[in-house]
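**Student:** Quick note on numbering: the sequence shown equals residues 748 to 833 in my numbering. Below you'll find the structure I mean.
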Amino acid sequence: MDELRVYLRDLTSGEWTAYAPGTWIDQYLNRIAAAIERHADTVGGSLALTGTPERGRITVCDAKGMVVLDFDWQTMTVSAQKHVYP
């Protein structure tokens, strides 16, 4: 059986980070908390959170509409990831 990983991508930098499922759930909650804090700092910006712990996206924009934080993530097997993403 192939191992699962959650692949987090920073859409502003293109950086990918892989997490084991047991580690990801804490990271997931921490990423949401950080996005809420970042949104509060925008004073009038927007926050979008879609999806589930298995697959989703968080985007924060400032009051002028500029993206200040943008991540997406998805769960897949290690072998499937090798064929899809760098």
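Cβ coordinates follow ideal geometry from the N, Cα and C atoms, glycine included. In this text, all values refer to a predicted model and were calculated from it rather than measured experimentally.
From the DSSP output, which residues share a beta bridge with L776?
**Tutor:** Bridge partners of L776: none, in fact.
**Student:** Return the chain-ordered list of same chain residues with a C-beta closer than 8 Å to the C-beta of I783, the five sequence neighbours on each side being excluded.
**Tutor:** Result list for I783: L794, in chain order.
**Student:** What is the rounded straight-line gap between the Cα of V825 and the Cα of R752?
**Tutor:** Cα-Cα distance, rounded: 6 Å.
**Student:** To the nearest angstrom, how far is it from the Cα of M748 to the Cα of H786?
**Tutor:** Below a pLDDT of 50, predicted positions are generally treated as unreliable, and M748, at 48, falls in that range; the measurement from the model is reported next regardless. The alpha-carbon atoms of M748 and H786 are separated by roughly 40 Å.
**Student:** Taking all protein chains shown into account, do 16 or more other C-beta atoms lie within 10 angstroms of the C-beta of L776, making it buried, or fewer, making it exposed?
**Tutor:** Classification of L776: exposed, given that the 10 Å Cβ count is below 16.
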